[in-house]
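J.:
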Amino acid sequence: MISFSLDQLGWKPYFQQQIKSSEESESYPARIAQIHRTHCVVWSSKGIETFEIGVFKERKNLAVGDWILVPNVGERPLRVLDRETVLIRKAAGKRTHDQLIAANVDTLFIVTSCDQDFNVSRIERYLALAYEARIQPVIILTKTDLTKDLDSYKEALLVLQNGLRIECVNAKDTSSLTSLSSLCTEGHTIALVGSSGVGKSTLINSLTDAGQSTADVSVEDGKGQHTTTSRSLHLLNDGGLLIDTPGIRELQLSDCESGIEDTFDDVSQFLGHCKFNNCQHKTEKGCAIKTALETGELDSRRWESFQKLQNEQKQRDLPRYEKGRPRK
Ligand SMILES: Nc1nc2c(ncn2[C@@H]2O[C@H](COP(=O)(O)OP(=O)(O)OP(=O)(O)O)[C@@H](O)[C@H]2O)c(=O)[nH]1
Ligand SMILES: [Mg+2]
Numbered sequence: 417m418i419s420f421s422l423d424q425l426g427w428k429p430y431f432q433q434q435i436k437s438s439e440e441s442e443s444y445p446a447r448i449a450q451i452h453r454t455h456c457v458v459w460s461s462k463g464i465e466t467f468e469i470g471v472f473k474e475r476k477n478l479a480v481g482d483w484i485l486v487p488n489v490g491e492r493p494l495r496v497l498d499r500e501t502v503l504i505r506k507a508a509g510k511r512t513h514d515q516l517i518a519a520n521v522d523t524l525f526i527v528t529s530c531d532q533d534f535n536v537s538r539i540e541r542y543l544a545l546a547y548e549a550r551i552q553p554v555i556i557l558t559k560t561d562l563t564k565d566l567d568s569y570k571e572a573l574l575v576l577q578n579g580l581r582i583e584c585v586n587a588k589d590t591s592s593l594t595s596l597s598s599l600c601t602e603g604h605t606i607a608l609v610g611s612s613g614v615g616k617s618t619l620i621n622s623l624t625d626a627g628q629s630t631a632d633v634s635v636e637d638g639k640g641q642h643t644t645t646s647r648s649l650h651l652l653n654d655g656g657l658l659i660d661t662p663g664i665r666e667l668q669l670s671d672c673e674s675g676i677e678d679t680f681d682d683v684s685q686f687l688g689h690c691k692f693n694n695c696q697h698k699t700e701k702g703c704a705i706k707t708a709l710e711t712g713e714l715d716s717r718r719w720e721s722f723q724k725l726q727n728e729q730k731q732r733d734l735p736r737y738e739k740g741r742p743r744k
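Each residue of the sequence shown is one higher than the one before, starting from 417 at the first, in my numbering.
Spelled out as C-alpha cells, the structure:
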C-alpha cells in the first residue's frame with residue numbers, strides 16, 4: 417500500500433498550529449489530491465482514500481492542495497484547515513462567482529510556449545494572480561526546441577520585472593529540466609497554469625511518472641485541445657508536489673488590486689506623484705505618468721496593460737446593475 421509522510425505532502429507549522437490537542441490523537445491530516453464532480457481523492461500517512469464531496473461542510477469551497485482533518489474511526493472528514501495560500505480566478509462565461517485553482521501553493525509555474533501562445537499581456541495577468549496570492553512566480557518557457565529565436569522570447573520576458581525567474585525548457589526532454597530541480601524540493605508545492613497546449617501535463621509527465629494525457633495542438637491555429645479537464649496533485653520522484661490544471665482560455669482576475677500593483681512596479685512608482693491628487697493622467701498639467709511616457713522612463717504598452725487590468729477591477733467592484741453603464 418502506498419502511504420505518504422507529512423513532510424512529503426508539504427505539512428507545515430502553519431497547519432499543525434490549527435490542530436487542537438484533543439484532535440491530535442483522534443484524527444490525522446490528509447491532503448486533497450484530486451477533486452471530481454462527486455468525490456475527491458486524498459493522500460495521507462494512511463494511504464490513498466476517497467470521500468464523497470457531499471460529506472464536506474465546505475463542499476462548495478474545496479481545492480486541490482487543501483489539507484483536511486480525518487477522524488481515525490468515523491468516516492466524515494472533520495474540517496478543511498485554513499489555507500496558507502490560495503489561487504483564485506473569476507469563473508469564465510456569465511457566471512460571476514470566483515473559482516479556486518489550487519490551495520497551499522508555494523510556487524506558481526506560469527507556463528507559456530515559444531509559439532502563437534506567447535503573449536506578454538497574458539503573462540502579466542498570471543503574475544498579478546501570483547502576487548495577489550503571495551506565491552512566488554516562475555515563468556516556464558516551453559517548446560524551446562521549436563524556435564530559432566529564443567532570445568527574442570527571453571528579451572520580451574526580461575522587461576516584465578527585475579529578478580523574475582525564467583526557465584527555458586523542452587518539456588519533452590528530461591535533460592532540459594534539471595534547472596527546475598532546485599525548486600522541486602520535498603514538501604514544496606508548485607501549481608502549473610497557462611493556456612491549453614503549452615505543455616503543462618507534458619512537463620509533469622517528464623518530471624514524474626504521472627502519465628497525464630496530452631494532445632497535439634491544432635495545426636491551424638496552434639491552440640491546445642483542453643486535454644486536461646480537472647486539477648490533480650502529483651508527487652515528484654525526488655520530492656516536491658506538482659499540481660496540473662486545465663488550460664485557461666482567458667484568465668479573468670478576481671479581487672487583485674495589490675497583485676496588479678506589485679506586477680506593475682514600474683508604473684506604481686509614478687502614481688501619486690502627479691500635481692493633482694485626482695489626476696486622470698490624460699491632459700492634466702504636472703502629470704507624472706505623462707512625463708514618464710514622454711521621456712521613455714515608462715513603457716506605453718505597460719501603462720496600457722496596467723490601465724486595462726485596473727479598469728477590469730473597477731468594473732468588477734461596481735454593483736452588478738451598474739456594470740457596463742457609464743459611471744456618473
Ligand atoms: N516540441 C515540443 N512539444 C511540446 C513541448 N511541450 C509540450 N509539447 C507538446 O505540446 C502538446 C500539448 O501538450 P500538453 O502537455 O497536452 O499541454 P497542456 O498545457 O497540458 O494542455 P491542456 O491540458 O489542454 O491545458 C503535446 O503534443 C506535447 O507533446 C515542448 O517543450 N516541445
Ligand atoms: Mg494538460
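We treat Cβ as the ideally placed atom computed from N, Cα and C, and that holds for glycine.
Quick caveat: nothing in here was measured; it's all calculated off a predicted structure.
Within the same chain, show all residues whose beta-carbon is closer than 8 Å to that of Leu745, passing over the 5 residues directly before and after it, in chain order.
T.: Lying outside 417 to 744, the shown extent of the chain, residue 745 is not represented and no answer is given.
J.: CB-CB under 6 Å to Gln532, same chain, minus the five flanking residues each way: which ones, in chain order?
T.: Answer for Gln532: Gly638, listed in chain order.
J.: Anyone know if the C-beta pair for Ile582 and Leu557 falls short of 8 Å?
T.: It is a contact, given that the beta carbons lie within the stated cut-off.
J.: Can you tell me which of Ser684, Ile620, Ile435, Leu652 puts its alpha carbon nearest to the alpha carbon of Gln723?
T.: Among Ser684, Ile620, Ile435, Leu652, the Cα nearest to that of Gln723 belongs to Ser684.
J.: For the pair the stretch 487-507 and the stretch 518-526, tell me if three or more CB-CB distances fall below 8 Å.
T.: The stretch 487-507, when compared against the stretch 518-526, does touch it at the 8 Å Cβ threshold.
J.: In the structure shown, what three-state DSSP assignment does Val471 receive?
T.: DSSP places Val471 in helix when its eight states are reduced to three.
J.: Give me whichever residues DSSP pairs with Trp483 in a beta bridge.
T.: Bridge partners of Trp483: Arg447.
J.: Anyone know if the C-beta pair for Gln450 and Ser648 falls short of 8 Å?
T.: Yes.
J.: Once you ignore the five residues that flank Leu543 on each side, which residues in its own chain have a CB closer than 6 Å to its CB?
T.: So the qualifying residues of the chain are Pro553, Thr679.
J.: Could you give the first and the last residue of the continuous beta strand (DSSP E) run that contains Pro662?
T.: No beta strand (DSSP E) holds Pro662; DSSP gives it neither H nor E.
J.: Is there at least one non-hydrogen atom of ligand 2 closer than 7 Å to the beta-carbon of Lys588?
T.: No, Cβ of Lys588 sits at least 7 Å from all heavy atoms of ligand 2.
J.: Return the CA-CA distance between Leu725 and Asp660, expressed in angstroms with no decimal places.
T.: Spanning the two alpha carbons is a distance of roughly 26 Å.
J.: Closest by CA to Ala572, which one among Thr528, His697, Asp681, Glu465?
T.: Of the candidates Thr528, His697, Asp681, Glu465, the one whose C-alpha sits nearest the C-alpha of Ala572 is Thr528.
J.: Return yes when at least one heavy atom of ligand 1 lies under 7 Å from the C-beta of His650, else no.
T.: No; taking the cut-off as 7 Å, the Cβ of His650 has no heavy atom of ligand 1 nearer than that.
J.: Would Ser716 pass as an interface residue toward chain C - the criterion being a Cβ-Cβ separation below 8 Å?
T.: The chain labelled as chain C is not found in the depicted structure, where only one protein chain is given.
J.: What's the gap between the Cα of Lys701 and the Cα of Thr711?
T.: Roughly 15 Å between the two C-alpha positions.
J.: Among Gln696, His452, Ser674, Lys428, which has the Cα closest to the Cα of Arg550?
T.: Looking at the Cα atoms, Ser674 is the closest of the given residues.
J.: Whole angstroms is fine: what's the gap from Leu652's alpha carbon to Leu623's?
T.: Distance between the alpha carbons of Leu652 and Leu623 is about 6 Å.
J.: Could you name each continuous alpha helix (DSSP H) segment of 4 residues or more that falls completely within the stretch 579-625, going from the start of the chain to the end?
T.: List check, alpha helix (DSSP H) in window: 616-623.
J.: In three-state terms, what does DSSP make of Arg743?
T.: In this predicted model, Arg743 has a pLDDT of only 45, less than 50, meaning its place in the structure is not dependable; the value taken from the coordinates is given anyway. Here Arg743 sits in coil by DSSP.
J.: Let me check understanding here. Comparing Cα to Cα, which of Ser611, Ser670, Gly656, Glu442 lies closest to Gln641?
T.: When only C-alpha atoms are compared, the closest one is Ser611.
J.: I want to check one thing, is the minimum distance from the CB of Thr528 to the heavy atoms of ligand 2 below 7 Å?
T.: No.
J.: For Ser592, I'd like the list of residues in its chain whose CB is within less than 6 Å of its CB, leaving aside the five on either flank, ordered along the chain.
T.: Val585, Asn586, listed in sequence order.
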